[in-house]
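*Asks:* Sequential numbering of the sequence shown, starting at 65, is according to my numbering.
In this text, a Cβ means the ideal position worked out from N, Cα and C, and glycines have one as well.
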Amino acid sequence: MYKLMIVDDSVIIRNRIERSLSSLQLEIVATASNGDEAVRLFKEHQPDLITMDLTMPQMDGLECIKRIRDMSKETSILVISALSDRQTGLKALQYGARGFICKP
65 MYKLMIVDDS VIIRNRIERS LSSLQLEIVA TASNGDEAVR LFKEHQPDLI TMDLTMPQMD
125 GLECIKRIRD MSKETSILVI SALSDRQTGL KALQYGARGF ICKP
């Protein structure tokens, strides 16, 4: 079973992602509401997959992606964000995200 960490500043979105992925073979090992918390929990749980929002307090998703990439090249990061501009999506991919999904 793959380990998943959900990172989003909205508890509603975190719960929605968790419910959406519940039928997959994923163990949700952590949820975080900001980038600082995500980096700390990443070190503790070493998830295989991370869903990442970009707009969060304390540390945004782009900086968080860079820091996690410095610790692990193998972890897959999927950005799920309301920011849909092309430049931000490309930057997230350049920093190491493996995909980008726009929130409805």
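So LEU227 is in the beta strand (DSSP E); what residue range does that whole segment cover?
*Replies:* Shown here, the chain extends from 65 to 168; a query on residue 227 therefore has no answer.
*Asks:* Please state whether DSSP places LEU105 in a helix, a strand or coil.
*Replies:* DSSP places LEU105 in helix when its eight states are reduced to three.
*Asks:* With a cut-off of 8 Å, do at least 3 Cβ pairs link the stretch 138 to 147 to the stretch 115 to 125?
*Replies:* The stretch 138 to 147, when compared against the stretch 115 to 125, does touch it at the 8 Å Cβ threshold.
*Asks:* If distances are taken between C-alpha atoms only, which option among ASN79, LYS167, LYS137, SER86 comes closest to PRO111?
*Replies:* Looking at the Cα atoms, LYS137 is the closest of the given residues.
*Asks:* Do you know how far the Cα of PHE164 is from the Cα of ARG131?
*Replies:* Going from the Cα of ARG131 to the Cα of PHE164 covers about 18 Å.
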